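Residue numbers for the sequence shown follow the working numbering, so the first one is 230 and each next one is one higher.
Notes for the one structure printed next.
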Amino acid sequence: MLASLPAGARAYEDQATLGLAVGYAGMPQGDALPRNGLDLALSAGGGFGDAWSIQGLLSYNLYFDDQPLHLSMAGLETVYALDIVRFVPLIGFGLDGILSVRERDARGDFALHVLLGVDFLINPRWIIGADARGFWVATNAKSPLEPFIVTVALRAGIRFDLR
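What follows is the structure, given as structure tokens:
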């Protein structure tokens, strides 16, 4: 009887992904800093098991103002994919380093983030998706940044077999 059950779908097992995302960046509690900006991100990762992957993320946020704020982020996250054939809901958690620059002042910070997203598998190679990340700036007490940063982005990606 068990032999007649369908095999589980595997969206990312033994595959590497590369992605490019464009979207919104915001600091919801921002009073002293600009609150709304542009998010650009590159991601690369690999799947292991039938539901888990690890990916690296490089992003740049530009917050528009008379004195614009520039954020560069580098992070690593683990992602769980609930594979439902073509639509793949995602949840993940990560750790990030942030470099903020405003005028001539630069500062480094650390953040933790949570990821919620969905991928649509166009075909075995191409992916489009959307994701939202909420960042908590762990070093906020000494940082000029607000304690929370949010990004919401649309993403396109390509997959490669690792075997």
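For every residue, glycine included, the Cβ atom is placed at its ideal position computed from N, Cα and C.
Remember, predicted model here, so these are calculated numbers, not experimental data.
Along the chain, where does the beta strand (DSSP E) that runs through Met302 open and close? 298–310
Are the beta-carbon atoms of Leu374 and Asp360 separated by less than 8 Å? no
Give the single residue among Gly321, Arg388, Leu267 whose Cα lies nearest to the Cα of Phe293. Of Gly321, Arg388, Leu267, the residue nearest in Cα terms is Leu267.
By how many angstroms is the C-alpha of Lys371 removed from the C-alpha of Ile313? 43 Å
On a Cα-Cα basis, can you pick out the residue from Met302, Leu350, Ser329 that is closest to Leu311? Selected option, being the one with the closest Cα: Leu350.
Hey, Leu287 and Ala303: beta-carbon distance below 8 Å or not? yes
What ranges does the beta strand (DSSP E) occupy inside the segment 332–385, keeping only unbroken runs of at least 3 residues that lie completely in it? The qualifying runs are 334–350, 355–366.
To the nearest angstrom, how far is the alpha carbon of Leu391 from that of Phe277? 10 Å
Going by DSSP, name the residue or residues bridged to Leu391. DSSP, once it has assigned bridges, lists no residue as partnering Leu391.
Ile327 and Leu291 closer than 8 Å at C-beta: no
Rounded separation between Trp355 and Tyr253 - CA only: Taking the straight line joining both Cα atoms gives about 23 Å.
Which of helix, strand or coil DSSP assigns to Val407: The requested residue 407 does not occur in the structure, where the chain is confined to residues 230 to 392.
Neighbour-count burial assignment, Ile378, 16 or more Cβ in a 10 Å radius: buried
Would Pro353 count as contacting chain D if we go by Cβ distances under 8 Å? The chain inventory of the structure shown lacks chain D, comprising one protein chain alone.
Among residues of its own chain, excluding the 5 on either side of Asp243, which ones have a beta-carbon nearer than 6 Å to its beta-carbon? Leu391, Arg392
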